[in-house]
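K.L.:
Before anything else, here's the structure in question.
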Amino acid sequence: MSNAILLEVINNALRSVAEQMSATMVRSSYSTIVKEMMDCSSAVFDSQGRLLAEGANVPIHLNCLGPCLNTVLTKYFSREDMNPGDLILTNHPYAGGESLGSHHTKDLIMIAPVFSDEEALIAFSVTMLHHKDVGGVWTGDSWTVEIWQEGFLMEPVKLYDKGVRNEALWNVILNNTRNPRDMKGDLMAQISACNIGSKGFRQIVKKYGLDMVNAVVEDLLSYSERLTRNEIRRIKDGRYEHEEKILDDGFQGGPYTLKLIVIVEGDNITFDYTGTDKQIRGPINSPLSATISATYYTMRCITNAHIPSNQGCHRPITVVAPEGTLVNCTMPIGCFQRMVTDHILVDLIMGAMAQAIPDKVMADSCGTNYDFCSGTNLDTHPRGGEVNHRQYWGEIVPGGLGARPHSDGVSIMSCHVTNCPIPPLEAQEIEAPMLFIERSILPDSEGAGKFRSGFAQRRKWQLLGYDGIFSHVSQKSKIPPQGIFGGLPGETSQWIINEGKKNEQVLEYAMGDVIFLNYGDTVTCITASGGGCGNPFERDPEKVREDVEMGLVSFERAKKIYGVVINPETYEVDVKETANSRKMQAATINQQ
178 MSNAILLEVI
188 NNALRSVAEQ
198 MSATMVRSSY
208 STIVKEMMDC
218 SSAVFDSQGR
228 LLAEGANVPI
238 HLNCLGPCLN
248 TVLTKYFSRE
258 DMNPGDLILT
268 NHPYAGGESL
278 GSHHTKDLIM
288 IAPVFSDEEA
298 LIAFSVTMLH
308 HKDVGGVWTG
318 DSWTVEIWQE
328 GFLMEPVKLY
338 DKGVRNEALW
348 NVILNNTRNP
358 RDMKGDLMAQ
368 ISACNIGSKG
378 FRQIVKKYGL
388 DMVNAVVEDL
398 LSYSERLTRN
408 EIRRIKDGRY
418 EHEEKILDDG
428 FQGGPYTLKL
438 IVIVEGDNIT
448 FDYTGTDKQI
458 RGPINSPLSA
468 TISATYYTMR
478 CITNAHIPSN
488 QGCHRPITVV
498 APEGTLVNCT
508 MPIGCFQRMV
518 TDHILVDLIM
528 GAMAQAIPDK
538 VMADSCGTNY
548 DFCSGTNLDT
558 HPRGGEVNHR
568 QYWGEIVPGG
578 LGARPHSDGV
588 SIMSCHVTNC
598 PIPPLEAQEI
608 EAPMLFIERS
618 ILPDSEGAGK
628 FRSGFAQRRK
638 WQLLGYDGIF
648 SHVSQKSKIP
658 PQGIFGGLPG
668 ETSQWIINEG
678 KKNEQVLEYA
688 MGDVIFLNYG
698 DTVTCITASG
708 GGCGNPFERD
718 PEKVREDVEM
728 GLVSFERAKK
738 IYGVVINPET
748 YEVDVKETAN
758 SRKMQAATIN
768 QQ
């Protein structure tokens, strides 16, 4: 058994390698979605395919890399088939016959086997990067019903074989994208990141020796497993159930139901999604690899953050996801918008665990919010978006996060399994024919409670190009994000085309197929916020006062929802009137 100091040193060395891999992609890529929004991830695995460390970028990516690597090793390339200089590439969600590959066609996974100086296989360096365009019906996110509409498909194949690039495959990839320049640049960024990972792991082995590194790896995985099991033992044995809705506004026959039973037995925990609705003809179905990712992510949220994140954390966890359902889709159903389901899986797990560990969960959050658009204006953007002269832009639009039992939720942040930062407005305006008009926090949009949620965002832009093709996705447009332990629900989402104009159009559904825009049209997005936690009348009046002073909560809402009376001139809390207000409102509630 290795000593604790060496274990910690090598653990952090492995984490550093994984972080360097992600940083390499962000700093080397061409597309805005990577260089500004960091939509990429990385991980280091041992020679058995066990997760050792991961770059903390996009949580939904990370736990997909392990199942995908296992699929490659068991169904496509054995370890004996691999050589120094190989690079394996895939984007197929159904590679190997199950949904244990990539999450969707734009997420290209690259696997580099790592060899020692003696040419023994010692590890795997793996990256995932969201590419701008891989063909398909539209550049953006349309409503697809089958996987072939979502872009070209690659079962695991060697892009490099013994250091020699497969030029035929390379040309096929670049000829099946509307943006070959960005595709080429981002692929090269992935290749560089895999090489950084391989080099970094070899340096660790050279410094400490392969036998020592392997011994530490065994201890490290056992250490994470032991700490995770200790966390599970703190949860009372039992069955904890919850359900959530998706497509709550009735789009495409919704709402549909996600169901979960969490079974805690000693130091083991099972997440059983039996009872979840069948998969639908649409892109919101979650591959099993994505469902596993969302489950593992949520477990990391409710367990000790200092536990090293590796394969050991997964050993006490069992995921049951019936095939052919929204949480384990099958070929050839679409799955590009699996995040619509995966975001709600986090709320689903939190809702179930609120019964068992109320001090560690959080209320509902904003869920998925995307918009993507393309247009042309060769006068202002003469590069014209390469092949089809279209410039493409989009954003993962942050909203409000749910409140927690001991603190407020965060405002204007990509929630849970997305975790992408807001790209600079200037970067988007430089690269595409569009202009931002507004990005602001929406006052009075929080889910009220003893601890309030984060606030919703109001965002508006104008198309300064021609022949615009716009697509949108959001959630919780009818059923608001729910609060916990007496907290109130938050704000629902909304999309408006040409707000305030004669041709204003409030979109009926939170997502749908593409919408065609004209020069000068505007798009307004109001995101969902989050749910509150605890009785709003128990909120610290000083915290209410601070929100009022910052313009986040109105005087009227402070009194009506929180029972706090604030002087509009001095912004001081009227202690006596506040006490009377809360007493009267509490009496009214009791009478009801």
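For the sequence shown, our numbering assigns the number 178 to the initial residue and increments by one for each residue that follows.
Idealized CB from N, CA, C, for every residue including glycine.
If you're wondering where the values come from, they're calculated on a predicted model, not measured in any experiment.
Is the beta carbon of residue 648 closer than 8 Å to that of residue 672?
P.N.:
By one-based count along the sequence shown, residue 672 stands at place 495. By one-based count along the sequence shown, residue 648 stands at place 471. Their beta carbons are not under 8 Å apart, which means residue 672 does not touch residue 648 by this criterion.
K.L.:
Rounded to whole angstroms, what is the Cα-Cα separation between residue 373 and residue 188?
P.N.:
Working through the sequence shown from its first residue, we reach residue 373 at position 196. Working through the sequence shown from its first residue, we reach residue 188 at position 11. If I take the Cα positions, the gap works out to 17 Å.
K.L.:
Could you tell me how far apart the beta carbons of residue 358 and residue 563 are, in whole angstroms, since I believe they sit closer than 8 Å?
P.N.:
Locating residue 358 in the sequence shown gives position 181, counting from the first residue. Locating residue 563 in the sequence shown gives position 386, counting from the first residue. That pair is a contact at about 5 Å.
K.L.:
Evaluate residue 629 with the Cβ neighbour count: other Cβ atoms within 10 Å of its Cβ, from every protein chain shown; 16 or more gives buried, anything less gives exposed.
P.N.:
The residue you call residue 629 lines up with position 452 of the sequence shown. Residue 629 comes out buried.
K.L.:
Helix, strand or coil for residue 474, going by three-state DSSP, please let me know.
P.N.:
For the purposes of this step, residue 474 is identified with residue 297 of the sequence shown, where counting begins at 1. Helix, per DSSP.
K.L.:
To the nearest angstrom, report how far apart residue 722 and residue 749 are at their CA atoms.
P.N.:
Locating residue 722 in the sequence shown gives position 545, counting from the first residue. Locating residue 749 in the sequence shown gives position 572, counting from the first residue. Spanning the two alpha carbons is a distance of roughly 7 Å.
K.L.:
In chain order, which continuous runs of the beta strand (DSSP E) of length 3 or greater are located wholly inside the segment 695-732?
P.N.:
Runs found: 699-703.
K.L.:
How about residue 287 and residue 367: do their beta carbons lie closer than 8 Å?
P.N.:
Numbered from its first residue, the sequence shown carries residue 287 at position 110. Numbered from its first residue, the sequence shown carries residue 367 at position 190. Yes, the pair counts as a contact, with Cβ atoms nearer than the cut-off.
K.L.:
According to DSSP, is residue 445 part of a helix, a strand, or is it coil?
P.N.:
Against the sequence shown, residue 445 aligns to sequence position 268. If DSSP states are grouped into helix, strand and coil, residue 445 belongs with the strands.
K.L.:
Taking the alpha helix (DSSP H) that residue 616 belongs to, which residues open and close that run?
P.N.:
Taking the first residue of the sequence shown as position 1, residue 616 is located at position 439. Residue 616 -> not in any alpha helix (DSSP H); beta strand (DSSP E) instead, spanning 611-618.
K.L.:
Does the count of Cβ pairs from the segment 463-477 and the segment 488-498 closer than 8 Å reach three?
P.N.:
Touching, yes.
K.L.:
Taking the straight line between their C-alpha atoms, what separation do you get for residue 295 and residue 320?
P.N.:
Here the question's residue 295 lines up with position 118 in the sequence shown. Here the question's residue 320 lines up with position 143 in the sequence shown. Residue 295 and residue 320: Cα-Cα distance of roughly 50 Å.
K.L.:
Just to confirm, are residue 703 and residue 731 a CB contact at a threshold of 8 Å?
P.N.:
Counting from one through the sequence shown, the residue named residue 703 turns up at place 526. Counting from one through the sequence shown, the residue named residue 731 turns up at place 554. No.
K.L.:
Do you know offhand how far residue 555's Cα is from residue 264's?
P.N.:
By one-based count along the sequence shown, residue 555 stands at place 378. By one-based count along the sequence shown, residue 264 stands at place 87. Approximately 38 Å, taken between the alpha carbons.
K.L.:
Do you know how far the Cα of residue 578 is from the Cα of residue 742?
P.N.:
One-based indexing of the sequence shown puts residue 742 at position 565. One-based indexing of the sequence shown puts residue 578 at position 401. Computed Cα separation, rounded: 26 Å.
K.L.:
Alpha carbon to alpha carbon, how far is residue 601 from residue 613?
P.N.:
The residue given as residue 601 occupies position 424 in the sequence shown. The residue given as residue 613 occupies position 436 in the sequence shown. For residue 601 and residue 613, the distance between alpha carbons rounds to 11 Å.
K.L.:
Taking DSSP as the reference, what is the three-state secondary structure of residue 188?
P.N.:
If you number the sequence shown from 1, residue 188 lands on position 11. Reduced to three states, the DSSP call for residue 188 is helix.
K.L.:
So what does residue 325 bridge to, in DSSP terms?
P.N.:
Translated into the one-based positions of the sequence shown, residue 325 becomes position 148. DSSP lists no partner for residue 325.
K.L.:
Check whether the segment 206-224 touches the segment 299-307, counting contact only when three or more Cβ pairs, one atom from each stretch, lie closer than 8 Å.
P.N.:
In short, these stretches touch, since the Cβ pair count reaches three.
K.L.:
Grouping DSSP H, G and I as helix and E and B as strand, with all else coil, what is residue 341?
P.N.:
Here the question's residue 341 lines up with position 164 in the sequence shown. Residue 341 falls in the strand class under three-state DSSP.
K.L.:
Given a cut-off of 8 Å on the beta-carbon distance, is the pair residue 371 and residue 302 in contact?
P.N.:
As a first step, residue 371 is located in the sequence shown; it is residue number 194 there, counting from the start. As a first step, residue 302 is located in the sequence shown; it is residue number 125 there, counting from the start. Yes, the Cβ-Cβ distance between residue 371 and residue 302 is below 8 Å.
K.L.:
Within 10 angstroms of the Cβ of residue 753, are there 16 or more other Cβ atoms? Answer buried if so, exposed if not.
P.N.:
As a first step, residue 753 must be located in the sequence shown, where it is residue number 576. By the neighbour-count rule (16 or more Cβ atoms within 10 Å), residue 753 is not buried but exposed.
K.L.:
Taking Cβ positions, are residue 551 and residue 316 nearer each other than 8 Å?
P.N.:
Residue numbering aside, residue 551 sits at position 374 when the sequence shown is read from its first letter. Residue numbering aside, residue 316 sits at position 139 when the sequence shown is read from its first letter. Yes, Cβ-Cβ distance for residue 551 and residue 316 is below 8 Å.
K.L.:
Going by CA-CA distance only, name the one from 436, 409 and 639 that's closest to residue 421.
P.N.:
Residue 421 sits at position 244 when you count from the first residue of the sequence shown. Closest option to residue 421, Cα to Cα, is 436.
K.L.:
Going straight from the alpha carbon of residue 696 to that of residue 646, what length do you get?
P.N.:
Stepping through the sequence shown from its first residue, residue 696 is reached at position 519. Stepping through the sequence shown from its first residue, residue 646 is reached at position 469. If I take the Cα positions, the gap works out to 11 Å.
K.L.:
What are the boundary residues of the beta strand (DSSP E) that residue 770 is part of?
P.N.:
Any answer about residue 770 is impossible in this case: the structure gives the chain only from 178 up to 769.
K.L.:
Counting pairs of Cβ atoms below 8 Å between the segment 632-641 and the segment 504-519, do you hit three or more?
P.N.:
With the cut-off at 8 Å, the segment 632-641 and the segment 504-519 do not touch.
K.L.:
Can you tell me whether residue 279 is helix, strand or coil according to DSSP?
P.N.:
Walking along the sequence shown from the start, residue 279 turns up at place 102. Note: residue 279 maps to coil in three-state DSSP.
K.L.:
Between the segment 376-390 and the segment 339-357, do at least 3 Cβ pairs fall closer than 8 Å?
P.N.:
Touching, no, given that fewer than three Cβ pairs across the two stretches are closer than 8 Å.
K.L.:
Can you have a look at residue 515 and say buried or exposed, based on whether 16 or more other CB atoms are within 10 angstroms of its CB?
P.N.:
Indexing the sequence shown from 1 puts residue 515 at position 338. With 16 or more other Cβ atoms within 10 Å, it is buried.
K.L.:
Does the segment 520-534 come close enough to the segment 437-450 that 3 or more CB-CB pairs lie under 8 Å?
P.N.:
A contact exists between the segment 437-450 and the segment 520-534.
K.L.:
If you check the beta carbons only, do residue 350 and residue 360 fall under 8 Å apart?
P.N.:
In the sequence shown, residue 350 corresponds to position 173, counting from 1. In the sequence shown, residue 360 corresponds to position 183, counting from 1. Cβ atoms of residue 350 and residue 360: closer than 8 Å.
K.L.:
Kindly list the residues whose CB is nearer than 7 Å to the CB of residue 390, restricted to its own chain and excluding five residues on each side of it in sequence; keep chain order.
P.N.:
As a working mapping, residue 390 is identified with position 213 in the sequence shown. Answer for residue 390: 187, 381 and 382, listed in chain order.
K.L.:
Ignore the nearest five residues each way along the sequence and tell me which others in residue 584's own chain have a CB closer than 8 Å to its CB.
P.N.:
Within the sequence shown, the letter at position 407 stands for residue 584. Once the five neighbours on either side are set aside, the close Cβ partners of residue 584 are 628.
K.L.:
According to DSSP, what are the bridge partners of residue 649?
P.N.:
Against the sequence shown, residue 649 aligns to sequence position 472. Paired residue(s): 548.
K.L.:
Quick check: the Cα distance between residue 459 and residue 318, rounded to an integer number of angstroms?
P.N.:
In the sequence shown, the residue the question calls residue 459 occupies position 282. In the sequence shown, the residue the question calls residue 318 occupies position 141. Spanning the two alpha carbons is a distance of roughly 12 Å.
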